[in-house]
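Asker:
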Amino acid sequence: MEYTDFTFESLGDGIEICISDEHRFGTDAFLLADFAQARHKDVCADFCTGSGIIALLLHKNYKPKLTYALEIQEKAHEQLKVSLKKSEIDDIVPVLGDLKDWRADKPIDLITCNPPYKINNTGEKNDSEAVSIARHEMLCTVEDVCKAAKKNLRYGGRLCICNRPERLCDIMTAMRSNGIEPKRLRTVHKNPDCAPWLILVEGRMGGNNFIQIEKPLYVRSADGGLSPEMNRIYHLDGTN
1 MEYTDFTFES LGDGIEICIS DEHRFGTDAF LLADFAQARH KDVCADFCTG SGIIALLLHK
61 NYKPKLTYAL EIQEKAHEQL KVSLKKSEID DIVPVLGDLK DWRADKPIDL ITCNPPYKIN
121 NTGEKNDSEA VSIARHEMLC TVEDVCKAAK KNLRYGGRLC ICNRPERLCD IMTAMRSNGI
181 EPKRLRTVHK NPDCAPWLIL VEGRMGGNNF IQIEKPLYVR SADGGLSPEM NRIYHLDGTN
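Under UniProt numbering, the sequence shown has 169 at position 169, and the numbering climbs by one with no breaks.
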């Protein structure tokens, strides 16, 4: 199938990401990629990869050994393939399929996932089925993500998820029931006066019962501009 709404945005370092009306990306992708802190030796997987933004950010900023990018929607999968060809990247493997069925060739060191935030049949759905699938748990739940992570993570491997604060209990319950112990939690706030709008959670396969609550992350400073940390995450402060 030929798509006519593909456009490109630069991520820097010669990396161009293909986006469409249905499959774009937001701040949460940058926050999760930064929170996950992939290592050079890691074999990674990004579940619900969409346009592939998190896989591309991991490649750009951390250079892991290999990243599998899983997506169930064919258009988003095609977008990532276009991005990889245009950007000449060969250490990201696009995978079209259901994460519930996928098994890696060998155990994974790090799995990231920016899953659908809304429980299915709650809230108003978008007119576009593709957008609704990305936002609502129509094809994939937090429990599905954790079950798939359990099958693929090595002992000591990490699962990093972002979601809305109201889903925190669901995430931690699903992680622990699948042998993935929550180890880090960070809340993200629009500014110092706001309640969190996003949470970042890391679980470790087979980890001990101990969780570190990290300092809040503020997207904007009190003066309304981007916070120093967001400047760092967006690489607007001159660092790489």
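All residues carry an ideal CB built from backbone N, CA and C; glycine is no exception. Just so it is clear, the structure is predicted and the values come from calculations on it, not from any experiment.
(1) Return the Cβ separation of residue 110 and residue 29 in integer angstroms, given the expectation that the two are a contact with Cβ distance under 8 Å.
(2) Is it right to say residue 113 is buried, meaning 16 or more other beta carbons lie within 10 angstroms of its own, or is it exposed?
(3) Along the chain, where does the alpha helix (DSSP H) containing residue 167 start, and where does it finish?
(4) Work out the CA separation of residue 115 and residue 140 for me, nearest whole Å.
(5) Report all residues from its chain with a CB closer than 6 Å to the CB of residue 187; omit the five preceding and five following residues, and keep chain order.
(6) Cβ atoms of residue 104 and residue 155: under 8 Å apart, would you say?
(7) What number of angstroms, rounded off, separates the C-alpha of residue 179 from the C-alpha of residue 170?
(8) For residue 40, count neighbouring Cβ atoms within 10 angstroms of its own Cβ and tell me buried if that reaches 16, exposed if not.
(9) Taking the beta strand (DSSP E) that residue 51 falls in, what are its first and last residues?
(10) On a Cα-Cα basis, can you pick out the residue from 101, 165 and 150 that is closest to residue 158?
(11) Return the bridge partner residues of residue 10 from the DSSP annotation.
(12) Could you pull the start and end residues of the alpha helix (DSSP H) that residue 82 belongs to?
(13) Spell out the partners DSSP gives residue 203 in its beta bridges.
(14) Alpha carbon to alpha carbon, how far is residue 66 from residue 83?
(15) Mark residue 222 as exposed unless 16 or more other C-beta atoms lie within 10 angstroms of its C-beta, in which case mark it buried.
(16) Mind checking whether residue 144 and residue 99 have CB atoms under 8 Å apart?
(17) With DSSP run on the structure shown, which of helix, strand or coil describes residue 44?
(18) Any idea what DSSP makes of residue 57, helix, strand or coil?
(19) Classify residue 71 as buried or exposed, calling it buried when 16 or more other Cβ atoms lie within 10 Å of its own Cβ.
(20) Going by the DSSP bridge assignment, what does residue 212 pair with across the sheet?
(21) So, residue 234 versus residue 163, is the Cβ gap smaller than 8 Å?
(22) Considering residue 28, what are the terminal residues of the alpha helix (DSSP H) in which it resides?
(23) Quick check on residue 146: does DSSP put it in helix, strand or coil?
(24) For a quick check, are the C-beta atoms of residue 81 and residue 94 less than 8 Å apart?
Answerer: With the given structure in hand:
(1) Here residue 110 refers to the residue found at position 110 of the sequence shown. Here residue 29 refers to the residue found at position 29 of the sequence shown. The beta carbons of residue 110 and residue 29 sit about 15 Å from each other, so the pair does not count as a contact at 8 Å.
(2) Locating residue 113 in the sequence shown gives position 113, counting from the first residue. It counts as buried.
(3) Numbered from 1 along the sequence shown, position 167 holds the residue referred to as residue 167. Per DSSP, residue 167 belongs to no alpha helix (DSSP H) and is neither H nor E.
(4) For this step, residue 140 is matched to residue 140 along the sequence shown. For this step, residue 115 is matched to residue 115 along the sequence shown. The alpha-carbon separation between residue 140 and residue 115 amounts to approximately 8 Å.
(5) Reading the sequence shown from its first residue, position 187 is the one you call residue 187. 196, 199 and 216.
(6) In the sequence shown, counting from the first residue as 1, residue 155 sits at position 155. In the sequence shown, counting from the first residue as 1, residue 104 sits at position 104. Against a cut-off of 8 Å, the Cβ pair of residue 104 and residue 155 comes out as no contact.
(7) Along the sequence shown, one-based indexing puts residue 179 at 179. Along the sequence shown, one-based indexing puts residue 170 at 170. Rounded to the nearest angstrom, the two C-alpha atoms are 14 Å apart.
(8) Position 40 of the sequence shown holds residue 40. Taking all protein chains in view, the Cβ of residue 40 is surrounded by fewer than 16 other Cβ atoms within 10 Å, so the residue is classified as exposed.
(9) In the sequence shown, residue 51 corresponds to position 51, counting from 1. Run containing residue 51: none; DSSP gives neither H nor E here.
(10) For the purposes of this step, residue 158 is taken as the residue at position 158 of the sequence shown. Nearest option by C-alpha distance: 150.
(11) Your numbering for residue 10 matches position 10 in the sequence shown. The partner list for residue 10 (beta bridge, DSSP) reads 16.
(12) Start at 1 with the first residue of the sequence shown, and residue 82 comes out as number 82. Its alpha helix (DSSP H) spans residues 74-87.
(13) In the sequence shown, the residue the question calls residue 203 occupies position 203. In the DSSP output, where bridge partners are listed per residue, residue 203 has 159 and 182.
(14) For the purposes of this step, residue 66 is taken as the residue at position 66 of the sequence shown. For the purposes of this step, residue 83 is taken as the residue at position 83 of the sequence shown. Taking the straight line joining both Cα atoms gives about 16 Å.
(15) The sequence position of residue 222 within the sequence shown is 222, counting from 1. That one is exposed.
(16) As a position in the sequence shown, residue 144 is number 144, starting the count at 1. As a position in the sequence shown, residue 99 is number 99, starting the count at 1. A contact, by the Cβ cut-off of 8 Å.
(17) Here residue 44 corresponds to residue number 44 of the sequence shown, with the count starting at 1. Strand, per DSSP.
(18) Stepping through the sequence shown from its first residue, residue 57 is reached at position 57. Of the three classes helix, strand and coil, the one that applies to residue 57 here is helix, per DSSP.
(19) Within the sequence shown, the letter at position 71 stands for residue 71. Buried is the call here.
(20) The residue labelled residue 212 in the question sits at position 212 within the sequence shown. Paired residues: 184.
(21) For the purposes of this step, residue 234 is taken as the residue at position 234 of the sequence shown. For the purposes of this step, residue 163 is taken as the residue at position 163 of the sequence shown. Not closer than 8 Å, so no.
(22) The residue given as residue 28 occupies position 28 in the sequence shown. 27-36 is the span of the alpha helix (DSSP H), which, as asked, contains residue 28.
(23) Within the sequence shown, residue 146 is the residue found at index 146, counting from 1. In this structure, residue 146 counts as helix in the three-state DSSP scheme.
(24) Here residue 81 refers to the residue found at position 81 of the sequence shown. Here residue 94 refers to the residue found at position 94 of the sequence shown. It is a contact, given that the beta carbons lie within the stated cut-off.
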